[in-house]
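**Student:**
2 protein chains.
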Amino acid sequence: MADVNAVGQQFVQFYYQTFDSNRANLQSLYRDTSMLTFEGAPIQGAAAIAEKLTSLPFQQVQHKITTLDAQPSSPSMSSILVNVTGALIVDDSQNPLQFSQVFQLIPEGGTYYVFNDIFRLNYG
Amino acid sequence: MADVNAVGQQFVQFYYQTFDSNRANLQSLYRDTSMLTFEGAPIQGAAAIAEKLTSLPFQQVQHKITTLDAQPSSPSMSSILVNVTGALIVDDSQNPLQFSQVFQLIPEGGTYYVFNDIFRLNYG
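Going down the list, the sequences are from chains F and B. The first sequence runs contiguously to residue 124 in the working numbering. The second sequence runs contiguously to residue 1124 in the working numbering.
Next up, the structure:
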């Protein structure tokens, strides 16, 4: 599963780098059929997802990845399931928030888009 | 997405109930193509997965679900992605361990089997 892990790693690095620098740019990673469930709230489609992400009530955010696991998600196409756990630091907060996030990536023209995205904060 | 949530809920309740009472019985939920990544270690196939789960070094375990999110995971078949966060209590420990776990369920003959399973403890 070396390849799947490499793609997962690359994607996740790109995703959080983009999130932490200019999260409006994440819209291009989603399609009209894409789903985000953000803290239990379901959102569908690239435009609505980008609107949700850009309207989150903080100015600065930094994601730190703790674990990353990837698996092929289909017997019939090269889609990939990626599970991330990590911490995020928001604005001037001293307390990192633990989170877990799952993506399913679907291949499209030599790259991948996000079909599934589920984000949760983990309160200890 | 009511149906997807209902299936996710039903599955997860059954899964952890079985895990906490007689985890050898979880084998029937997996197939030879099923994958488990357990704390970063990849395991493939129902038999190997059941062996891993039954060899975990505790006698008693109790899973408590904190959040459960489900999404359809394919445009072409009724497979389901389920993300769980929760706490588990092992043997006589007073300290619940936070965990996150992702399943992809694939339909088969009126029921579902687990194709993907990724488990991680979340250290705060």
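Built from N, CA and C at the ideal position, the CB exists for glycine as well.
1) Would you mind sorting B/F1103 into buried or exposed? The rule is 16 or more other CB atoms within 10 Å of its CB.
2) If the cut is a Cβ gap below 9 Å, which residues of chain B does F/T127 touch?
3) Is the shortest distance between the beta-carbon of B/S1100 and the beta-carbons of chain F less than 7 Å?
4) What does DSSP give as the partner residues of B/M1077 in its beta bridges?
5) From F/V90 to F/V84, what does the alpha carbon distance come to, in whole angstroms?
6) How long is the line joining the alpha carbons of B/A1024 and B/T1066, rounded to whole angstroms?
7) Taking C-beta pairs closer than 8 Å, name the residues in chain B that F/D20 reaches, listed in chain order.
8) Could you tell me whether the Cβ of B/N1116 comes closer than 7 Å to any Cβ of chain F?
9) How far does the alpha helix (DSSP H) with F/A50 in it reach, from first residue to last?
10) Return helix, strand or coil for B/R1120, following the three-state DSSP convention.
11) Going along the chain, which residues of its own chain have a beta-carbon closer than 7 Å to the beta-carbon of B/D1032, five neighbours each way excluded?
**Tutor:** Here's the rundown:
1) buried
2) There is simply no residue 127 of chain F to check, as chain F begins at 1 and stops at 124 in what is shown.
3) yes
4) Its beta-bridge partners do not exist; DSSP assigns none.
5) 18 Å
6) 24 Å
7) Under the 8 Å cutoff, chain B gives no residues; its nearest Cβ is about 21 Å from F/D20.
8) yes
9) A46 to T54
10) strand
11) G1045 and A1046
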